[in-house]
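Encoded as structure tokens, the structure appears first; notes follow it.
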Amino acid sequence: MPASRSPLESRRHHAKLRYTKFLKRRRTIIRKADQLHKDCQVRVYVYMELNGKSWVYDTMLGDASFPPSKIDQVRLYPIPQVFTPKDLPSTKQSEPCASAEDYQED
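Mapping of the sequence shown onto our numbering: residues 35 to 140, in sequence order.
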């Protein structure tokens with residue numbers, strides 16, 4: 035049986051697992067966005083931010099009108115459907131991928 039980890043080692047281990055989960059899910063979201071763009075000819079913009087770092091996938095890079103700003107979105111007709119996590123079907127709650135604490139040195 036392996037020796038038990040200290041609380042600090044355990045916290046670091048869980049932080050590493052959560053960050054690895056984030057990296058995999060980020061890659062999956064970008065791949066799915068790209069598939070949606072290619073298969074359905076839709077314009078896609080994905081923005082992710084974690085602890086001050088951000089990642090963007092944009093099928094219309096260089097098009098200043100895409101994505102539309104929030105002000106421009108309210109002027110569109112029909113009005114865009116806006117989704118939040120509450121709009122999605124309830125699924126098993128998983129552990130968060132990462133938090134600010136995961137990146138702080140002790």
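The C-beta atom is built at its ideal place from N, Cα and C for all residues, glycine as well.
Whole-angstrom C-beta distance between residue j and residue i, which should lie under 8 Å
i, j, result
"Ser88", "Met82", "7 Å"
"Phe56", "Leu84", "7 Å"
"Pro102", "Leu110", "7 Å"
"Tyr91", "Val80", "4 Å"
"Cys30", "Arg39", "Within the shown structure, residues of the chain are numbered from 35 to 140, placing residue 30 beyond reach of any answer."
The ligand HEM heavy atom lying under 7 Å from the CB of residue i
i, result
"Arg61", "With respect to small molecules bound, the structure shown includes none, and the ligand HEM cannot be examined in it."
Chain-order list of residues whose beta-carbon lies under 6 Å from that of residue i (same chain, five-residue window excluded)
i, result
"Pro114", "Gln107"
"Ile64", "Tyr91"
"Leu122", "none"
Contact set for residue i: own chain, Cβ-Cβ below 8 Å, skip 5 residues either direction
i, result
"Arg61", "none"
"Val78", "Ala67, Asp68, Leu70, His71, Tyr91, Asp92 and Thr93"
"Met35", "Confidence at Met35 is low in this model, with a pLDDT of 48, below 50, so the placement of that residue should be treated as unreliable; the coordinate-derived value is given next. Closer than 8 Å at the Cβ level, and outside the excluded window around Met35, lies no residue."
Could you give the uninterrupted runs of the alpha helix (DSSP H) lying entirely in the region 39–125, keeping only those of 4 residues or more?
DSSP runs (the alpha helix (DSSP H)) wholly in the region 39–125: 41–74 and 104–109.
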